[in-house]
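Protein sequence lines, in the order shown, are assigned to chains A and B. The opening residue of the first sequence carries number 1 in the UniProt record's numbering; numbering runs sequentially from there. The opening residue of the second sequence carries number 1 in the UniProt record's numbering; numbering runs sequentially from there.
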Amino acid sequence: MEAAPQPPGEPRRTILRHRLSTRIWHWLNALTIFVMLMSGLMIFNAHPRLYWGKAGANYDRAWLMIGATPTQGRLVIGSVVIPTTGVLGRWEDKQGRTQTRAFPYWATIPSRYSLSMARRWHLAFAWVLAIGILAYIVAILANGHARRDLAPTRDELRPRHLWRDIRDHARLRFPKGEAAARYNPLQKIAYVGVIFALIPLLVLTGLTMAPGMNAAWPWLLDVFGGRQSARSIHFLCAAFIALFILVHLIMVVLAGPINELRSMITGRFRLPRA
Amino acid sequence: MTITRRALIGSATAAGGLLLAGCDKLGANPTFHGALASAEKLTYRAQRLITDRAALAPEFAGADISPVFRSNGTRTPAGADYAAMAASHFTDWRLAVTGLVARPLSLSLADLGRMPARTQITRHDCVEGWSAIGKWTGTPLRLILNAAGLSHKARYIVFHCADRIGSATYYESIDLVDAFHPQTILAWGLNGAMLPVANGAPLRLRVERQLGYKQAKYLMGIEAVTSLAAIGAGKGGYWEDVSDYEWYAGI
């Protein structure tokens, strides 16, 4: 939709862009997801191999493995071996000692190896993440945010429209004026994907790894194809979340970090000049 | 305002370092640690709330059995006592049933063999993340507790083991919901053979709705108690005492 450009010299219009529920959920998640990702990497360090199916241990075929030879770190995906010395598998700790853990100290909570402490962080914040996503989904379905602002229109999902949006993003050409008040199609798809697919999948695959939950809700195992498949899906979803955060932060910086940050803190967003 | 790449990377690294140091400090702070640890009680209560007491852990088909059942932790308990028992195929081994029971027992492997047995193909989930499927055969724990006449004062069952890690003896404990669960067995058989030493011979616990570190190997005694405070360092198990693992290992 094309909005009428503002006459030059007019003051830039400020709109209420984010409701209180969105702002609270956003900042709670900024903290929670950061803790979940980093404590999750420490948990992964305890057994840095991923399998498909019901069971999987050292002698079984892992589809992903982060390990080290006596001289170098390596990431093994299927039959592909990627050298990762210095970052994954083999790296130097704060004291300059060589360590052979999958993820380096600066990427994990806690920074020293401790599976029990990482589990304490991960399983405590998992409650915040799970209750948060549930409350937020209920809120945005009730207040119309999901339908009005997040759901892509049929027109926006047309390949021509999507392709134009992809090209605009690639050229760093962002909407100005009234058009900036609305999310663009790629943005909508990303947000809908994170809110309705990635985070719920993370919560459910997390529950599927719990032996107590397997007795309570055995259908979880059927849905995800077994405990080790659930563990693999959990890891892949976490990787997608990390990618989303990276792109999200880049977009914030490119779109004007002060205005974007202010709108997520106070709710007020100043429309960029047309 | 212009942000140079160097300044951006520099401040991001500094902020990351601060956050990490902050998280390590927070985790070590007793109050914050207590707050994190309270999630364990929440998980325990939530799972007990939504799970039927007798809800079964998934059981698998013979074709699902892992070709190798990985052993973990102690693979052979140290010491002459265990070596002598193993050399005589555990004929002089006894399981002591003590604590808050009307009739303390001392059971041989043959005694256990004469009791009704249960065979189940279940998945073992190590806290580290790997899983293996095995076929376990053993005596349901509830039959032993009933035979001993469990007191109404008992709240937990403690499992005392033959293996030591460093100076501490391995032990574990579970609540009575799991102790009387139909799949909670004292297993003496794995995959159709007698339990191998690496997997806990002559007898190990299978408490299928919890993680691997609960499945105590090399059992020597079981004890019914009201409180876990006086045993070991008081947290209810070896890994709980030594490394701060959760006592409730249902997640």
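Glycine included, each C-beta is placed from N, C-alpha and C at the ideal position.
| Query | Result |
| --- | --- |
| Does DSSP classify R79/A as helix, strand or coil? | It should be noted that the sequence gives Ser, not Arg, for residue 79/A. Coil at S79/A, not helix or strand. |
| Could you check which residue in A162/B, A46/B, G221/B has the C-alpha nearest to that of L145/B? | G221/B |
| Buried or exposed for H124/B, going by 16 or more other Cβ atoms inside 10 Å? | buried |
| Bridge partners of M175/B, per DSSP? | It should be noted that the sequence gives Asp, not Met, for residue 175/B. DSSP output for D175/B lists Y156/B as bridge partner(s). |
| Under 9 angstroms, CB to CB, which of the residues in the segment 175-202 of chain A have a partner in chain B? | none |
| Inspect the CB distances between the segment 202-214 of chain A and the segment 224-243 of chain A and report whether three or more fall short of 8 angstroms. | yes |
| Would you say P70/A faces chain B, with C-beta separation under 8 angstroms as the test? | no |
| Does any residue of chain B have a CB that is nearer than 8 angstroms to the CB of G96/A? | no |
| Can you give me, in chain order, the residues of the UniProt domain "Oxidoreductase molybdopterin-binding" (90-226) of chain B that have a beta carbon less than 8 angstroms from any beta carbon in chain A? | R123, D125, C126, V127, E128, G129, W130, S131, A132, I133, E208, R209, Q210, L211 |
| Cβ of L36/B less than 8 angstroms from any chain A Cβ? | yes |
| What are the residues of the segment 68-91 of chain B that lie near chain A, defined by any Cβ-Cβ distance shorter than 8 angstroms? | V68, R70 |
| Assign D155/A to one of two classes, buried (16 or more other C-beta atoms within 10 Å of its C-beta) or exposed (fewer than that). | exposed |
| Output yes if chain B places a C-beta closer than 8 angstroms to the C-beta of W52/A; else output no. | no |
| Quick one: list the residues of chain A neighbouring G250/B, beta-carbon separation under 7 angstroms, in chain order. | A210, P211, G212 |
| Does residue 297/B pass the burial test, meaning 16 or more other C-beta atoms within 10 Å, or should it be called exposed? | Since the displayed chain B opens at 1 and closes at 251, residue 297/B lies outside it and no answer follows. |
| Going by alpha carbons, who is nearest to D64/B out of R155/B, S131/B, L95/B? | S131/B |
| Is there a C-beta anywhere in chain B that falls below 8 angstroms from the one on G56/A? | yes |
| Which runs of the alpha helix (DSSP H), 4 residues or longer, sit entirely within the segment 7-92 of chain B? | 30-50, 80-87 |
| I'd like the list of long-range same chain contacts for A78/B, defined as Cβ closer than 8 angstroms, with 5 residues on each side in sequence excluded. | D163, R164 |
| On the DSSP letters alone, give me the boundaries of the alpha helix (DSSP H) that residue 275/A sits inside. | With chain A covering 1 to 274 only, the question about residue 275/A has no answer from this structure. |
| Buried or exposed: I258/A, going by 16 or more other Cβ atoms within 10 Å of its Cβ? | exposed |
| Applying a beta-carbon distance threshold of less than 8 angstroms, which residues of chain B neighbour W121/A? | C23, G27, L36 |
| If you draw a straight line from the alpha carbon of I138/A to that of I131/A, how long is it in whole angstroms? | Going by the sequence as given, residue 138/A is Val instead of Ile. Going from the Cα of V138/A to the Cα of I131/A covers about 11 angstroms. |
| Chain A partners of A61/B, CB-CB under 9 angstroms? | Within 9 angstroms Cβ-Cβ: nothing; A61/B doesn't reach chain A, min ~10 angstroms. |
| So, at 7 angstroms on beta carbons, what are the nonlocal neighbours of L219/B in its own chain, with the 5 sequence-adjacent residues on each side left out? | L95, F159, C161, L186, L203, R204, L205 |
| Give the straight-line distance between the Cα atoms of V101/B and G27/B, rounded to the nearest whole angstrom. | 40 angstroms |
| Can you tell me whether DSSP reads F269/A as helix, strand or coil? | strand |
| Tell me the rounded alpha-carbon separation between T43/B and L49/B. | 10 angstroms |
| Check for me: the beta strand (DSSP E) holding Q187/A runs from which residue to which? | Looking at the DSSP string, Q187/A is not in any beta strand (DSSP E); the run it does join, the alpha helix (DSSP H), is 185-193. |
| Using a Cβ cut-off of 7 angstroms, which residues of the segment 96-114 of chain A contact any Cβ in chain D, in chain order? | In the displayed structure, chain D is absent; the protein chains listed are A and B. |
| Taking the C-alpha atoms as reference points, what is the distance between I199/A and K25/B? | 28 angstroms |
| Give the straight-line distance between the Cα atoms of M264/A and R167/A, rounded to the nearest whole angstrom. | 26 angstroms |
| Give a yes or no on contact between the segment 233-253 of chain A and the segment 19-38 of chain A, applying the rule of three or more CB pairs nearer than 8 angstroms. | yes |
| Can you give the Cα-Cα distance for H89/B and I43/A, rounded to whole angstroms? | 39 angstroms |
| Counting C-beta neighbours from all protein chains within 10 Å, is the total for Y214/B 16 or more, i.e. buried, or is it exposed? | For the record, residue 214/B in the displayed sequence is Lys; it is not Tyr. K214/B should be labelled buried. |
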